[in-house]
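Here is the structure we will look at, set down as structure tokens.
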Amino acid sequence: FSKENRDIWESFCLIDFYAPKIKDAIKNDVFPQLSFDRLKSTTDKVSSKKNIYGALASLSSKGNYRRTLLEAVLTFEDYITDIIKIVYLDIPTILLRNQSNNSNSSGYKNLLELVLKANDKEDIVNKLVEEKIRSIFYGNPLDIFEKDKAHLGLGSYFKDNHSNDLKTYRKIIAIRNIIAHNNGKVDSKYIREVDSTVALGRKVVIDREFLKETIYLLSMLATQLTRLVIENIYKENAKGKLAQPAIPYRN
Numbered sequence: 013f014s015k016e017n018r019d020i021w022e023s024f025c026l027i028d029f030y031a032p033k034i035k036d037a038i039k040n041d042v043f044p045q046l047s048f049d050r051l052k053s054t055t056d057k058v059s060s061k062k063n064i065y066g067a068l069a070s071l072s073s074k075g076n077y078r079r080t081l082l083e084a085v086l087t088f089e090d091y092i093t094d095i096i097k098i099v100y101l102d103i104p105t106i107l108l109r110n111q112s113n114n115s116n117s118s119g120y121k122n123l124l125e126l127v128l129k130a131n132d133k134e135d136i137v138n139k140l141v142e143e144k145i146r147s148i149f150y151g152n153p154l155d156i157f158e159k160d161k162a163h164l165g166l167g168s169y170f171k172d173n174h175s176n177d178l179k180t181y182r183k184i185i186a187i188r189n190i191i192a193h194n195n196g197k198v199d200s201k202y203i204r205e206v207d208s209t210v211a212l213g214r215k216v217v218i219d220r221e222f223l224k225e226t227i228y229l230l231s232m233l234a235t236q237l238t239r240l241v242i243e244n245i246y247k248e249n250a251k252g253k254l255a256q257p258a259i260p261y262r263n
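According to this note's numbering, the sequence shown is numbered sequentially starting from 13.
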């Protein structure tokens, strides 16, 4: 996960650095003009310098920033999903925790108990784990850290020690959501949950410093979650970088 995070940041830096230089190289005929195959034709199209400049400008000012944020959050969520799945498959009885007493959840609990007592249960447990993880991320991902919704032995650690980081994480997720679902425009949910002073419909601006903080923060949250799982679920001592104290992000 750490390597993937570094790759995401370095890819952003590479595009951010070279895009203007590519424009200059094309302008001075150092690089050839782009020729690409059309989607709805068998003939190729040679793009004009003006169109290439526009595409590079869009990539530098918007596309590279959005892609980096989306990829960083996706990679983080994939990692957290993998951790949850490993824990649930190792200790399937965790699936039984915190079921309320209404009929639906009682039926679900009874089903789980039957499955967990069965002799041939691997495929069924895998499906139950996948469904449980889906339900966790379908809600508010912040609950994994604030409420230990996935029952990973986190307790109140993140609320007690990383309350400001969780506020930033909330903002990261909110911006990811409006980029993915509202073309980067602020919606009422963003105003309600993140910033009540911003105007509805305003375009969110992602800058380099915010991206750097995002990648650093997601890496720190993942590291601390992993450490707590090792210590509280598997009753082992974290070693190496996992045992090091969390260092707040510094500009």
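C-beta atoms are modelled at their ideal positions from N, C-alpha and C, and glycine is treated no differently.
Owing to the predicted nature of the structure, the values given are computational and were not obtained by experimental measurement.
(message) Using a Cβ distance threshold of 8 Å, determine whether the stretch 136-153 contacts the stretch 223-235, with at least three qualifying pairs required.
(response) Output reads no: the stretch 223-235 does not touch the stretch 136-153.
(message) Suppose you measure from the CA of Ala-186 to the CA of Asp-41; what does that come to, to the nearest Å?
(response) Counting from 1 along the sequence shown, the entry for residue 186 is found at position 174. Counting from 1 along the sequence shown, the entry for residue 41 is found at position 29. Approximately 42 Å between the Cα atoms of the pair.
(request) Could you check how far apart the C-beta atoms of Tyr-169 and Leu-240 are, in whole angstroms? I think they sit under 8 Å. (result) Here residue 169 is taken as the residue at index 157 of the sequence shown, counted from 1. Here residue 240 is taken as the residue at index 228 of the sequence shown, counted from 1. With 8 Å as the limit, Tyr-169 and Leu-240 qualify as a contact, their Cβ atoms being about 6 Å apart.
(message) Just to confirm before moving on: does the CB-CB distance between Ala-192 and Leu-26 stay below 9 Å?
(response) The residue labelled residue 192 in the question sits at position 180 within the sequence shown. The residue labelled residue 26 in the question sits at position 14 within the sequence shown. It is not a contact, given that the beta carbons lie outside the stated cut-off.
(request) Have a look at Gly-165, Glu-221, Ser-73 and flag the residue whose alpha-carbon is nearest the alpha-carbon of Tyr-261. (result) The residue labelled residue 261 in the question sits at position 249 within the sequence shown. Nearest of Gly-165, Glu-221, Ser-73 to Tyr-261, Cα basis: Glu-221.
(request) Measure the C-alpha to C-alpha separation of Asp-132 and His-163 and round it to an integer number of angstroms. (result) What you label residue 132 is simply residue 120 of the sequence shown in a count that begins at 1. What you label residue 163 is simply residue 151 of the sequence shown in a count that begins at 1. If you draw a straight line from the Cα of Asp-132 to the Cα of His-163, it comes to about 25 Å.
(request) Pull up the distance between the alpha-carbon of Gly-167 and that of Arg-182, whole angstroms please. (result) Position 155 of the sequence shown holds residue 167. Position 170 of the sequence shown holds residue 182. Taking the straight line joining both Cα atoms gives about 19 Å.
(request) Pick helix, strand or coil for Phe-43, following the three-state DSSP scheme. (result) Locating residue 43 in the sequence shown gives position 31, counting from the first residue. Phe-43 sits in coil when the DSSP states are folded into three classes, being neither helix nor strand.
(request) Would you kindly report the start and end of the unbroken alpha helix (DSSP H) that includes Val-141? (result) The residue you call residue 141 lines up with position 129 of the sequence shown. Residues 134-150.
(request) For the beta strand (DSSP E) holding Val-58, just list the boundary residues, first then last. (result) Position 46 of the sequence shown, counted from the start, is the residue given in the question as residue 58. First-last of the beta strand (DSSP E) with Val-58: 56-58.
(message) Rounded to whole angstroms, what is the Cα-Cα separation between Lys-159 and Ile-259?
(response) As a first step, residue 159 is located in the sequence shown; it is residue number 147 there, counting from the start. As a first step, residue 259 is located in the sequence shown; it is residue number 247 there, counting from the start. When rounded, the distance between both Cα atoms is 22 Å.
(request) Would you identify the three-state DSSP class for Asp-19, choosing helix, strand or coil? (result) On the sequence shown, residue 19 is found 7 positions in, with the first residue counted as 1. It is helical.
(request) Would you identify the three-state DSSP class for Phe-13, choosing helix, strand or coil? (result) Residue numbering aside, residue 13 sits at position 1 when the sequence shown is read from its first letter. Shown here, Phe-13 sits in coil according to DSSP, grouped into three states, outside any helix or strand.
(message) Below 8 Å on the Cβ atoms is my contact criterion, and I expect Lys-201 with Ile-145 to pass it. Report the Cβ-Cβ distance as a whole number of Å.
(response) Taking the first residue of the sequence shown as position 1, residue 201 is located at position 189. Taking the first residue of the sequence shown as position 1, residue 145 is located at position 133. The Cβ separation is near 23 Å, so there is no contact.
(request) Assign Lys-6 to one of three DSSP states: helix, strand, or coil. (result) The chain is shown from 13 up to 263; residue 6 falls before or after that span and cannot be answered.
(request) Would you mind working out which of Thr-226, Pro-44, Leu-107 sits nearest Ser-59, comparing C-alpha positions? (result) For the purposes of this step, residue 59 is taken as the residue at position 47 of the sequence shown. Measuring from the Cα of Ser-59, the nearest candidate turns out to be Pro-44.
(message) Looking at the secondary structure, which residues open and close the alpha helix (DSSP H) in which Gln-236 lies?
(response) As a working note, residue 236 is residue 224 in the sequence shown. Here the alpha helix (DSSP H) through Gln-236 covers 220-240.
(message) Are the CB atoms of Lys-61 and Lys-287 within a distance shorter than 9 Å?
(response) Examination of residue 287 is not possible in this model, given that the chain is present from 13 through 263 alone.
(request) Report the residue from Lys-253, Gln-256, Tyr-246, Ser-208 whose alpha carbon sits nearest the alpha carbon of Ile-106. (result) Here residue 106 corresponds to residue number 94 of the sequence shown, with the count starting at 1. Tyr-246 is the residue among Lys-253, Gln-256, Tyr-246, Ser-208 whose C-alpha sits nearest the C-alpha of Ile-106.
(request) Assuming Ala-234 contacts Ile-34 (C-beta within less than 8 Å), just tell me the rounded distance between them. (result) For the purposes of this step, residue 234 is taken as residue 222 along the sequence shown, with counting starting at 1. For the purposes of this step, residue 34 is taken as residue 22 along the sequence shown, with counting starting at 1. Not a contact, Cβ separation roughly 34 Å.
(request) Note down the Cα distance separating Leu-254 from Thr-238, rounded to an integer number of angstroms. (result) Mapped onto the sequence shown, residue 254 falls at position 242. Mapped onto the sequence shown, residue 238 falls at position 226. Approximately 7 Å, taken between the alpha carbons.
(request) Could you check what DSSP says for Lys-215 in three-state terms: helix, strand or coil? (result) In the sequence shown, counting from the first residue as 1, residue 215 sits at position 203. Lys-215: strand per DSSP, three-state reduction.
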